[in-house]
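Asker: Start counting the sequence shown at 1; every next residue gets the next number (my numbering). Where is the CB? At the ideal position from N, CA and C, for every residue including glycine. Here the structure is a predicted model, which is why all the values come from computation and not from measurement. A single structure is presented below for examination.
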Amino acid sequence: MSPSARSPGVPLGAWLAESDDERLITLLRLRPDLTQPPPGSIAALAARAAARQSVKAATDDLDFLHLSVLDALLTLHAETTAVTFAELADVFGERVDGAHVRTAVDDLCGRALVWGDVTGAGALRVVAEAASSLPWYPGQVTVENATLSSNDVTAALESLDAPARELLDKLLEGSPIGRTRDAMPGTPADRPVPRLLAAGLLRRLDDDTVILPRLVGQVLRGEAPGPTSLSRPDPTVTTTKVADVDAVAA
């Protein structure tokens, strides 16, 4: 469904006004900055909860899965229109279990970073300032093709000529977004931008815009790639017996 065909959903202020005391207490516990000074109304609370500085503080301790759910919702334009769980699942495909996505959405609702109807098909909205709180550009996790490994990227980078490498370095130093008419389909294949697109070292956003993929940026900066897995790690349960501890102590 296109964003223009979706319902705008419920505004954050209206959703908070309909929330019970338990939800509001949970929100203020998870985001204590919202209490200083105490908001004079639900409208004031909603405005403060949507402010950039407060949203940034609320996302600082989120794990990769939760940040990826925010990323997916922003990619689906949920900052302006309501998104269903089915649309959210389509973005992730088979990379994460749907139950884990719903749990993450519930957690994000507890922080009022996401809100709306979380029952049934769902009608989800996301706070717009989540985009500035992600450690990557929206879409760089949920949209980008994960078929290239860091070794593949390294090998592709080593084969570049100077003009192509200079183009990547410019995107690395500033914004990962670049505007160029060479992004248009049909551009001669021997130009740097089409060659980088074909190699997976750039991603086309539209006919005039390209973006430096997240993994490519990490490799160029010499960073360890990742994280990439959206699955929750299974807890490791030890089977140490009392006798084993006593033996070590002895």
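Taking the alpha-carbon positions, what's the E18 to D106 distance?
Answerer: Rounded to the nearest angstrom, the two C-alpha atoms are 16 Å apart.
Asker: Check whether the stretch 92-110 touches the stretch 148-167, counting contact only when three or more Cβ pairs, one atom from each stretch, lie closer than 8 Å.
Answerer: No, the stretch 92-110 does not touch the stretch 148-167.
Asker: According to DSSP, is S7 part of a helix, a strand, or is it coil?
Answerer: Note: S7 maps to coil in three-state DSSP.
Asker: Ordered along the chain, which non-local residues of its own chain (more than five positions away) have a Cβ less than 6 Å from that of M184?
Answerer: Answer for M184: D207, listed in chain order.
Asker: Roughly how far, in whole angstroms, is the beta-carbon of L167 from the beta-carbon of L196, given that I think they are within contact range, below 8 Å?
Answerer: Confirmed, about 7 Å.
Asker: Answer yes if the stretch 134-150 comes into contact with the stretch 101-121, meaning at least three C-beta pairs across the two stretches below 8 Å, and no otherwise.
Answerer: Taking 8 Å as the limit for Cβ pairs, the verdict is that the stretch 134-150 does not touch the stretch 101-121.
Asker: Below 8 Å on the Cβ atoms is my guess for G116 versus A82; work out the distance and round it to an integer in Å.
Answerer: Confirmed, about 6 Å.
Asker: Quick check: R48 and L28, are their CB atoms within less than 7 Å of each other?
Answerer: Not closer than 7 Å, so no.
Asker: Where I42 and A58 are concerned, what is the direct C-alpha to C-alpha distance, given to the nearest angstrom?
Answerer: Distance between the alpha carbons of I42 and A58 is about 18 Å.
Asker: From this set, R31, L65, D61, L67, which residue's C-alpha is nearest A51's C-alpha?
Answerer: Here the closest residue by C-alpha is R31.
Asker: Which first and last residues belong to the beta strand (DSSP E) in which T209 is found?
Answerer: 209-211 is the extent of the beta strand (DSSP E) around T209.
Asker: For the alpha helix (DSSP H) containing A51, list its first residue and its last residue.
Answerer: Careful: A51 lies outside any alpha helix (DSSP H) and carries neither H nor E.
Asker: What's the call for T84, buried or exposed, on a 16-neighbour Cβ count within 10 Å?
Answerer: T84 comes out buried.
Asker: Nearest-angstrom Cα distance between A155 and P192?
Answerer: A155 and P192: Cα-Cα distance of roughly 17 Å.
Asker: Contact between the stretch 118-127 and the stretch 210-225 is defined here as three or more beta-carbon pairs at a separation below 8 Å; is this criterion met?
Answerer: The stretch 118-127 vs the stretch 210-225: no contact.
Asker: Give me the DSSP bridge partner(s) of R204.
Answerer: DSSP, once it has assigned bridges, lists V210 as partnering R204.
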